Amino acid sequence: MNTNTRPRGASAVVLDPETLLAAARAKFGGTIDHLGHGPQPQMLIPVNRGEAAVVNGEGVGEIADEADEIEVYFAYGFQLTTVKLTLEEIAQADTGERIDLADGIRTFGARLSSNHHIWFRKYDQDNSPN
């Protein structure tokens, strides 16, 4: 499967993984050396008429809560865990690079394409970074 079959036009901000990881380790309650990068790339997208979400290369993500925090996925041992980061902390990870969500979510099977479609439907064109 390739990205040509996915709808295009959902522009995402590519986030710097080292900046995100440093922010997460500063807040993480477990053994910080075991906390690593989640699926890459991590992307910031506008959704639902002005809300923000972070979506990773697996098409898994979360939307900002009422406190303007987003649960961002990281690797911890052999599983994924989330760490809440503020929108300000996430903004510090802005690389300036933009990517179409269709290209940012990897292609390998129906689950990943389904994840892309979920986020594509939530995408907020009026508040896009471009």
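Numbering (our numbering) for the sequence shown: 139 to 268.
Ideal Cβ positions, reconstructed from N, Cα and C, are used throughout, including at glycine.
Bear in mind the structure is a predicted one, so any value in this text is a computation, not a measurement.
Could you check the C-alpha separation between residue i and residue j for me, to the nearest Å?
| i | j | result |
| --- | --- | --- |
| serine 149 | tyrosine 261 | 9 Å |
| aspartate 264 | alanine 161 | 29 Å |
| isoleucine 258 | leucine 225 | Reading the sequence as shown, one finds phenylalanine at residue 258 and not isoleucine. Whole-angstrom Cα-Cα distance: 21 Å. |
| asparagine 253 | threonine 169 | 30 Å |
| glycine 247 | arginine 144 | 12 Å |
| aspartate 238 | arginine 163 | 28 Å |
| glutamate 204 | valine 192 | 15 Å |
| leucine 153 | glutamine 180 | 5 Å |
| valine 234 | histidine 172 | Here the sequence assigns glycine to residue 234, which means valine is not the residue at that position. For glycine 234 and histidine 172, the distance between alpha carbons rounds to 28 Å. |
| alanine 231 | glutamate 189 | 18 Å |
Could you check how far apart the C-beta atoms of residue i and residue j are, in whole angstroms? I think they sit under 8 Å.
| i | j | result |
| --- | --- | --- |
| leucine 159 | phenylalanine 216 | Not confirmed; about 17 Å, so no contact. |
DSSP three-state call for residue i: helix, strand or coil?
| i | result |
| --- | --- |
| glutamate 227 | helix |
| serine 251 | helix |
| phenylalanine 258 | helix |
| aspartate 171 | helix |
Give a yes or no on whether 8 Å exceeds the smallest Cβ distance from residue i to chain B.
| i | result |
| --- | --- |
| alanine 164 | The structure shown contains no chain B; it holds only a single protein chain. |
Practice item. For the region 185-199 and the region 240-251, state whether three or more C-beta atom pairs, one from each stretch, are separated by less than 8 Å. Key: yes
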